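Undergrad: Below is the structure I would like to discuss, written out as structure tokens.
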Amino acid sequence: MIVLQSAYQFFGGPGSTPSSIIISFAAVLVGVALLILIAALINRRNRLRTPAEEEAFSSASFRRTAKGFGLPPAHLAMLENLVRVTKVRQPTMVFRSAGLLDDVLKKGLYSLQSARGVTPEEREKRAAIIFQIKQIIERNAGRGPALRSTTLLKPGQVLTVTPQGGTSFASRLVSNMKDFLMVAAPQPTAGADSRWMRGTRLSVYLWRDGDAGYSFQSKVLGYDRVKGISCVLIQHSRTLRREQRRRNRRREIMKACFYYPIRIDEVLEGRTVQRKASVERSRRAVGTVIDLSAGGCAIQTLTPLEKGGLVLVEFDIDRQVPIRAYGKVVSVRRQGSRGGSMHVMFTRVTRQHLNRISEFVYNFGRPATTAEARRQLQQGFPGALSGNPSARFPAR
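Sequential numbering of the sequence shown, starting at 15, is according to our numbering.
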């Protein structure tokens, strides 16, 4: 009786009105509905998904992440297919792990190169998409904190070292000591001493994976040997310049090249003046491609062209047909009597040659042995060596 009386007084006590009673009932109903909704959400979260639901959930998450990185539909479909075929357990990890992404893309490239029944044009088109996936994800990956000191560099880091008044050479970091860096010294040339004097100024450039390029100034402190490797000891630096002007990763190459100036002539045709380009092959010059990217290259030469000049560059990467690329000189760094280096931005390159450049820059070349190639294909693509092209590189 006391309980009933309390309830009656709660909803209809002295001074209560019909509207207040309705509001009280509504509040109770809303509270009950919220409790039911929360319980349903908890139950749904704890419920095990079926394989079909799990796959749909994973695919949706993967696509959202891919779109966030700026992948176009064709590239998204290609990467999703490669991740599925290579059976990556955590698909979205390819956006956070450069090593995993490289592994997936390499297997896709090897399978494509071995595929039968695919026209050369289609093969080059698909290979271009694979390299573009790498470029887009690397370019749009979340930037970590900038490199502030060379004390944070890891052994094995590839470096480009340029002594004051000398030519650049590719090297690597052998050891990072407390007071100095130990960098692999250049190979001595016959009859010449390649060692620099203590105190020689150096300009050093490096590319940090998943981040950007960095350059810093240093100087020679001495020489030593580590595990049979002749090393030059250079000073640490705490003032590194972060280079973000390039849209594409570049890699040191040191390959001889020919380059030809391009002349633009104005020809009167009827009442209009047409501009026609012609390659001046009689003015062929020799240089060295010191670094290369999908967007351009740097050429060391005794006779650099002027800034703004047009040029045709021919060079070789892997002893195949020479690569030919048209470009424009965007900057020139002169070095007195030694000529200088000119930076060329590519303006026209065939898809086949651009794929070869990207394969070199990202180190996506085939394994050294056939057995290794077959092992990687079989691990990454079940049935990759069968006669069905769709089993090797399924179409989307």
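Cβ atoms here follow ideal geometry from the backbone N, Cα and C, with glycine treated the same way.
If you're wondering where the values come from, they're calculated on a predicted model, not measured in any experiment.
Where does V211 land, buried or exposed, given buried means 16+ other C-beta within 10 angstroms?
TA: The sequence shown places Met at residue 211, rather than the Val named in the question. Its Cβ having fewer than 16 others within 10 Å, M211 is exposed.
Undergrad: So what's K81 in DSSP terms, helix, strand or just coil?
TA: Here K81 sits in helix by DSSP.
Undergrad: Given that a residue counts as buried once 16 or more other Cβ atoms are within 10 Å of its Cβ, and exposed if not, what is S208?
TA: Exposed: under 16 other Cβ atoms inside 10 Å.
Undergrad: Between T176 and Q201, what straight-line distance do the alpha-carbon atoms span, to the nearest angstrom?
TA: Cα to Cα, the separation comes out at about 14 Å.
Undergrad: How many Å lie between G170 and A53 at the Cα?
TA: Answer to the nearest angstrom: the Cα atoms are 54 Å apart.
Undergrad: Is the stretch 272-291 close to the stretch 241-252, with three or more CB pairs under 8 Å?
TA: At 8 Å Cβ cutoff, the stretches do not touch.
Undergrad: Beta carbon of L173, beta carbon of V218: below 7 Å?
TA: Contact: yes.
Undergrad: Starting from the C-beta of A409, find all residues in its chain whose C-beta is less than 8 Å away, skip the five residues before and the five after it, and write them out in chain order.
TA: Confidence at A409 is low in this model, with a pLDDT of 34, below 50, so the placement of that residue should be treated as unreliable; the coordinate-derived value is given next. Closer than 8 Å at the Cβ level, and outside the excluded window around A409, lies no residue.
Undergrad: Measuring only the C-alpha atoms, how far is I243 from S185?
TA: Taking the straight line from one Cα to the other gives about 12 Å.
Undergrad: Take K233 as the anchor and find which of R263, P318, C245 and R215 has the nearest alpha-carbon.
TA: It is R215 whose Cα lies nearest to the Cα of K233.
Undergrad: If we count Cβ pairs, one from each stretch, closer than 8 Å, do we get three or more for the stretch 356-375 versus the stretch 139-155?
TA: Yes, since at least three Cβ pairs between the stretch 356-375 and the stretch 139-155 fall closer than 8 Å, the two stretches touch.
Undergrad: Taking the alpha-carbon positions, what's the V108 to G227 distance?
TA: Using only the alpha carbons, I get a separation of about 22 Å.
Undergrad: Whole-angstrom Cβ separation of V344 and I313, contact assumed at under 8 Å?
TA: Not a contact, Cβ separation roughly 12 Å.
Undergrad: What are the boundary residues of the alpha helix (DSSP H) that includes S372?
TA: Start and end: R365 to V375.
Undergrad: Kindly indicate which residue of G354, R265, I36 and V303 has the alpha-carbon position closest to the one of R222.
TA: Closest by alpha carbon: R265.
Undergrad: Would a C-beta distance cut-off of 7 Å place L90 and A74 closer than the cut-off?
TA: Their beta carbons are not under 7 Å apart, which means L90 does not touch A74 by this criterion.
Undergrad: In angstroms with no decimal places, state the Cα-to-Cα distance between K269 and D117.
TA: Answer to the nearest angstrom: the Cα atoms are 27 Å apart.
Undergrad: In angstroms with no decimal places, state the Cα-to-Cα distance between D238 and T302.
TA: Between D238 and T302, the C-alpha separation is close to 29 Å.
Undergrad: Between which two residues does the alpha helix (DSSP H) containing E94 stretch?
TA: Run containing E94: P87 to V99, per the alpha helix (DSSP H) assignment.
Undergrad: Nearest-angstrom Cα distance between V287 and F76?
TA: Cα-Cα distance, rounded: 53 Å.
Undergrad: According to the Cβ coordinates, are V363 and L326 closer than 7 Å?
TA: Not a contact, by the Cβ cut-off of 7 Å.
Undergrad: Which residue's Cα is closest to the Cα of E136: Y376, R365 and G379?
TA: Among Y376, R365 and G379, the Cα nearest to that of E136 belongs to R365.
Undergrad: So which of T100, N190 and F194 has the shortest CA-CA distance to L8?
TA: Summary: the structure shown does not reach residue 8, with the chain confined to residues 15 through 410, and so no result is reported for it.
Undergrad: In this structure, what does DSSP give as the bridge partners for R255?
TA: In the DSSP output, where bridge partners are listed per residue, R255 has S229.
Undergrad: Between which residues of its own chain and S163 is the CB-CB distance below 8 Å, once the five residues before and five after are set aside?
TA: These residues qualify, in order along the chain: H250, S251, R252 and L254.
Undergrad: Using alpha carbons as the reference points, say which of M196, S182 and T181 lies closest to V188.
TA: Cα-wise, what sits closest to V188 is M196.
Undergrad: Would you identify the three-state DSSP class for D117, choosing helix, strand or coil?
TA: D117: helix per DSSP, three-state reduction.
Undergrad: Under DSSP, the beta strand (DSSP E) around E328 begins and ends at which residues?
TA: E328 -> beta strand (DSSP E) spans L324 to F329.
Undergrad: Which of the three DSSP states is assigned to L43 in this structure?
TA: Of the three classes helix, strand and coil, the one that applies to L43 here is helix, per DSSP.
Undergrad: Just verifying my parser: in three-state terms, what is the DSSP assignment at V108?
TA: Three-state DSSP puts V108 in a helix.
Undergrad: Pick out the complete beta strand (DSSP E) segments inside the stretch 147-195, 3 residues or longer, and give them in chain order.
TA: Listed in chain order, the complete beta strand (DSSP E) runs (minimum 3 residues) inside the stretch 147-195 are 172-177 and 183-190.
Undergrad: Between P318 and G350, is the Cβ-Cβ spacing less than 7 Å?
TA: For P318 and G350, no; Cβs fall outside 7 Å.
Undergrad: Between A199 and L235, what straight-line distance do the alpha-carbon atoms span, to the nearest angstrom?
TA: Cα to Cα, A199 sits roughly 13 Å from L235.
Undergrad: From A160 to L220, what does the alpha carbon distance come to, in whole angstroms?
TA: Going from the Cα of A160 to the Cα of L220 covers about 13 Å.
Undergrad: Checking the sheet assignment: what are the DSSP bridge partners for L319?
TA: Per DSSP, none; premise fails for L319.
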